[in-house]
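A quick write-up on the structure given underneath.
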């Protein structure tokens with residue numbers, strides 16, 4: 043994965059962002075969001091390859107694909123909520139960012155409940 | 004195509020701030036306000052499309 047395009051985009055965007063923040067703070071938030079999403083999409087395309095490798099490995103190890111899917115979902119929720127909360131915080135809305143993070147935590151908890159019940163059932167079976 | 008949208012948004016922002024200054028100098032405060040609003044809406048539309056693409060990509064990569 044080439045790191046240079048990321049650095050270039052981030053540096054150019056930082057310079058443009060400092061100009062925009064002085065003149066139009068409301069557009070600076072949108073601009074920062076757009077740059078963040080763009081970089082995120084670029085990372086995501088690379089991340090897809092790694093995740094496919096992981097899927098292949100788990101299939102070979104005989105682990106149920108349901109567990110890996112849960113892990114992927116948790117990672118996705120964590121990334122997205124972190125991203126959204128950071129945008130809110132950049133715009134100076136710390137309280138909103140807290141709520142976004144709270145929603146992300148609850149969503150992850152909901153995703154984790156089936157795995158927890160599976161572990162408990164396994165324990166009961168062992169006992 | 005990807006990088007262009009960044010420059011497009013930054014260009015719109017700088018253009019609007021310049022036009023805003025001109026309009027304010029000409030004593031047209033209301034038009035300046037409307038121009039700011041229009042700029043925010045236009046950029047918001049672009050950003051919303053980007054967000055939609057991001058969600059689609061995340062959904063396809065993580066299999067949500």
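Protein chains in written order, with our numbering: chain A, 43 to 169; chain B, 4 to 67.
For glycine and all other residues, C-beta sits at the position ideal for the given N, C-alpha and C.
Near residue i, what residues of its chain come up, given a Cβ to Cβ distance below 7 angstroms and the 5 sequence neighbours on each side ignored?
i                     : result
residue 75 (chain A)  : 129
residue 208 (chain A) : The question about residue 208 (chain A) has no answer here: the residues shown for chain A are numbered 43 through 169.
residue 22 (chain B)  : 38
Which residues in the same chain have their Cβ closer than 8 angstroms to the Cβ of residue i, if we skip the five residues on either side of it in sequence?
i                    : result
residue 12 (chain B) : 46, 49, 50
residue 8 (chain B)  : 49, 53
residue 73 (chain A) : 55, 58, 59, 62
residue 47 (chain A) : 84
residue 32 (chain B) : 26
List the endpoints of the continuous alpha helix (DSSP H) containing residue i.
i                     : result
residue 157 (chain A) : 136 to 168
residue 78 (chain A)  : 67 to 103
residue 16 (chain B)  : 5 to 28
residue 33 (chain B)  : 32 to 65
residue 133 (chain A) : Here residue 133 (chain A) belongs to no alpha helix (DSSP H), and DSSP marks it neither H nor E.
Less than 8 angstroms separating the beta-carbons of residue i and residue j?
i                     : j                     : result
residue 150 (chain A) : residue 119 (chain A) : yes
residue 66 (chain B)  : residue 111 (chain A) : yes
residue 83 (chain A)  : residue 57 (chain B)  : yes
residue 5 (chain B)   : residue 80 (chain A)  : yes
residue 123 (chain A) : residue 142 (chain A) : yes
residue 19 (chain B)  : residue 38 (chain B)  : yes
residue 42 (chain B)  : residue 17 (chain B)  : no
residue 155 (chain A) : residue 109 (chain A) : no
residue 61 (chain B)  : residue 86 (chain A)  : yes
residue 90 (chain A)  : residue 64 (chain B)  : yes
Please look up how many angstroms separate the CB atoms of residue i and residue j, rounded, as I've assumed it's under 8 angstroms.
i                     : j                    : result
residue 132 (chain A) : residue 77 (chain A) : So it is not a contact: roughly 11 angstroms between Cβ atoms.
With a CB to CB cut of under 6 angstroms and the five nearest residues on each side skipped, what residues in its chain are close to residue i?
i                     : result
residue 146 (chain A) : 119, 123
residue 66 (chain A)  : none
residue 92 (chain A)  : none
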